[in-house]
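The working numbering applies: residue 6 is where the sequence shown begins, and numbers increase by one. Below: one structure, written as structure tokens.
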Amino acid sequence: MITQLLVVNFLALVAYMSIWFLIAKAHNRLDIVDAAWGSGFALVAWISVLQNYSLHSVLLGVLVTVWSARLTRHIGARLRTRRDPRYELIASKWNGNYWVRAFFSIYLLQGVIVWAITIPISLAAGLQVRPGLTTTFAVIGTAIWAVGFIIEAISDKQLHDFIANPKNKGEVLDKGLWRYSRHPNYFGEILIWYGLAVFAFSASYGWLGLIGPTILAVTIIFASGIPPIENRKKSDPKYQAYMNRTSVLVPLPPRAK
């Protein structure tokens, strides 16, 4: 069952990201991939439910969908107002066929990353559940998910409101959750996926579900999440001062100036 889930989910994501690639090509915008990101997780969750229906897999599907809907709405609002400079910077270094490179190195790659991150969903939906542990781990996982969801939602709202205010142009957001972490939204997202991974602990070899959120954490911390943002802002003296006093990810009390 688990092998079937992994294969079917992978093929579904390849098809899904290929469709979004065609949409991006039609609009000549690479950053449309961000709109596909959140919904890809919901796609995997419900395909898993269809393959192996249980209250356990349905609860996972609901939690992933709630997170996905909020994130997709937030990203969609951002894409309507501005382009994401990260993708323009990446594409500026390319040689050869632009759109072929975009398909493999952005769209297909992100589909593979989504597939890897959703490993705990496949495990929780497809492996033999150990009696007596399902409810316990579902409660723990949901609690961790809820904390992460609240942190991500609040920090995204604070960032949106800050950017929307013209008076804040050239300033640094260091209020609210952003006072304690330079990237509280990413911290919330990582917490969400570790919470979902806990669901898989009720299944044999469920600890393998930690692979998914760990891949997400590594991607955010060392690749396409935090580094491009900070590299773009590190020459700003105000942001440098902010970096010196504020934790990069985990919310902590600010260091003395």
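Think of the CB as a built atom: it goes at the ideal place given N, C-alpha and C, for glycine as much as any other residue.
Original post:
With burial defined as no fewer than 16 other Cβ atoms inside 10 Å of the residue's Cβ, what is the status of residue 88: buried or exposed?
Top reply: exposed
**OP:** May I have the straight-line CA-CA distance separating residue 146 from residue 119, to the nearest angstrom?
**Re:** 19 Å
Original post:
Going along the chain, which unbroken runs of the alpha helix (DSSP H) with 4 or more residues stay wholly within the stretch 12-73?
Top reply: 38-56
Subject >> 8 Å contact criterion, which residue 187 and residue 112 should meet: CB distance rounded >> reply: Going by Cβ atoms, the distance from residue 187 to residue 112 rounds to 28 Å, so no, they are not a contact pair.
**OP:** Over the uninterrupted alpha helix (DSSP H) stretch that includes residue 236, give me the two end residues.
**Re:** 231-238
Original post:
What residue does the alpha helix (DSSP H) around residue 119 start on, and which one ends it?
Top reply: 114-122
Original post:
From residue 169 to residue 137, what does the alpha carbon distance come to, in whole angstroms?
Top reply: 49 Å
Subject >> Given residue 109 as reference, the closest of 220, 221 and 19 once Cα atoms are compared >> reply: When C-alpha distances from residue 109 are compared across 220, 221 and 19, the shortest belongs to 19.
**OP:** Report the three-state DSSP secondary structure of residue 259 (helix, strand or coil).
**Re:** DSSP places residue 259 in the coil class of the three-state scheme, outside both helix and strand.
Original post:
At a cut of 8 Å, does the stretch 231-251 reach the stretch 203-216 through at least three beta carbon pairs?
Top reply: Judged by Cβ distances under 8 Å, the stretch 231-251 makes no contact with the stretch 203-216, as fewer than three pairs qualify.
Original post:
What distance in whole Å lies between the Cβ atoms of residue 65 and residue 129, which are believed to be in contact at a cut-off of 8 Å?
Top reply: 6 Å
Original post:
If you run the structure through DSSP and keep just helix, strand and coil, what is residue 248?
Top reply: helix
Subject >> Proximity below 8 Å, CB of residue 192 to CB of residue 156 >> reply: yes
Original post:
What are the boundary residues of the alpha helix (DSSP H) that includes residue 103?
Top reply: 103-107
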